[in-house]
Amino acid sequence: MNNSQTILVVDDVEINLHLLQGLLQPDHRVLTADNGPDALRIALEQQPDLILLDVILPGMDGYEVLQRLRADVRTKHIPVIFVTALNSAEEEARGLEFGAVDYITKPLNAITVRARVATHLKLERQRRMLEALANIDGLTELPNRRQLDSKLQAVWDHAVRSGSELSVAVIDVDCFKQYNDSQGHARGDNVLRLVARTISSSLQRSTDFAARYGGEEFVVLLPATPTDGAWLLMETLRRNIERLAIPHPGSTVSSVVSISVGVAGCTPLPQQRAASLLQKADQRLYHAKRSGRNCVVG
Ligand code: GH3
Ligand code: MG
Ligand code: MG
Ligand code: MG
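When the letters of the sequence shown are read in order and numbered with full-length UniProt numbering, they come out as residues 1 to 298.
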């Protein structure tokens, strides 16, 4: 059984909590709450894989708890099974309409509870795996373009709110078509993996973020970093790539694999768009290519 999955059980009657805990505890980590507000807090803090939610609760009832879970991006994905003595078809339909993934009626049947919980935990494992795969580039294992787009928007919004500087860098491998043509695509793939790893290891803060933008291009987001600081960091990266000393006989710039980088930074204003900063960095990358490659333009 999978011990790493966590279930939150919500019921105002202590004996029900104990019953469900006893049923699920041997196989899973079980958290409990006996009211709506506690359930919401625990869901947010502990990010359980599944919630078993009683409908009739004093104060905030199960429907309201579910609505609030769904209204918060941090909890909207957590599957909820209603567990209730309300056993009419109408109540069941209402619960499912509210967004519950399943509906179990009391009195509880141990076999039914275990089987349905197992099914929904399995679906949740698969959902999380797919979500991770959808956001990662398979070749380099860096975040992909899709994740970059949402991350850029998030760090931009944060910078607008906090009035802090944000820098971005666009990185492009020099003469990479030539590398593939002379060394073969498989070795080209290997270079992309090495470049990705070197980018990751050259970043210093936990808030710095690198992604594969596409092809042989990468983007780095540097929150709370002015342009000159970002330029220095990218210059260090450029040298670190050179130091890998990967022979590149077809390069017009260097005897080894090199990169060109465009850097742009600003203190974002609400009326500006995140994409404009990326565009500016991309234009500077173009200047870096025009001024001979293997350099950083900021
Ligand atoms: P420049 O210095 O101006 O950037 O020249 P370049 O040859 O690097 O630029 P260009 O855009 O002409 O070529 C990029 C090459 O990157 C084309 C393609 O063969 C290669 N490439 C893109 N994605 C991959 C990949 O996933 N694996 C490999 N091996 N090569 C890739
Ligand atoms: Mg109740
Ligand atoms: Mg390119
Ligand atoms: Mg290139």
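Glycine included, every Cβ here is placed at the ideal spot set by N, Cα and C.
Given the structure is predicted, the values throughout are model-derived calculations rather than measurements.
Query: Heavy atom of ligand 3 within 7 Å of Gly95 beta-carbon; Result: no
Query: Burial state of Asp228, where buried means 16 or more other Cβ atoms lie within 10 Å; Result: exposed
Query: Identity of the residues DSSP links to residue 307 by a beta bridge; Result: Because the chain spans 1 through 298 in this model, residue 307 falls outside it and cannot be assessed.
Query: Whole-angstrom distance between Val160 and Asn144, CA atom to CA atom; Result: 24 Å
Query: Spatial distance of Asp282 from Leu142 (CA atoms); Result: 20 Å
Query: For Arg293, the three-state DSSP class (helix, strand or coil); Result: coil
Query: Distance, Leu19 Cα to Met1 Cα; Result: Because Met1 carries a pLDDT of 46, less than 50, the predicted location of this residue cannot be relied on, and the following value inherits that uncertainty. Straight-line Cα distance between these residues: approximately 20 Å.
Query: Inter-stretch contact (C-beta, 8 Å, three-pair minimum) for the stretch 77-89 and the stretch 39-51; Result: yes
Query: Span separating the alpha-carbon of Ile7 from that of Gly99; Result: 18 Å
Query: Counted within 10 angstroms of its Cβ, other Cβ atoms place Ile259 as buried (16 or more) or exposed; Result: buried
Query: Straight-line gap, Arg290 to Gly163 (C-alpha atoms, nearest Å); Result: 34 Å
Query: Beta-carbon proximity of Ile171 to Glu217, cut-off 8 Å; Result: yes
Query: Between the CA atoms of Gln271 and Pro223 - distance to the nearest angstrom; Result: 19 Å
Query: Every unbroken alpha helix (DSSP H) within the stretch 130-168, with a cutoff of 4 residues, ordered by chain; Result: 145-162
Query: beta-carbon Ile56 near ligand 2 non-hydrogen atom, thresh 7 Å; Result: yes
Query: Distance cut-off 7 Å: Gly215 Cβ against heavy atoms of ligand 3; Result: yes
Query: Classification of Thr236 by the beta-carbon crowding that lies within 10 angstroms, buried from 16 upward; Result: exposed
Query: 8 Å Cβ cutoff met for Leu203 and Ala210; Result: yes
Query: Segment contact, 8 Å Cβ cut-off, at least three pairs: the stretch 91-109 with the stretch 60-68; Result: yes
Query: Closer than 7 Å: Asp38 CB and nearest ligand 6 heavy atom; Result: No copy of ligand 6 occurs in the structure displayed; its ligands are ligand 1, ligand 2, ligand 3 and ligand 4 alone.
Query: Supposed close pair Tyr179, Val257 - CB separation, criterion 8 Å; Result: 7 Å
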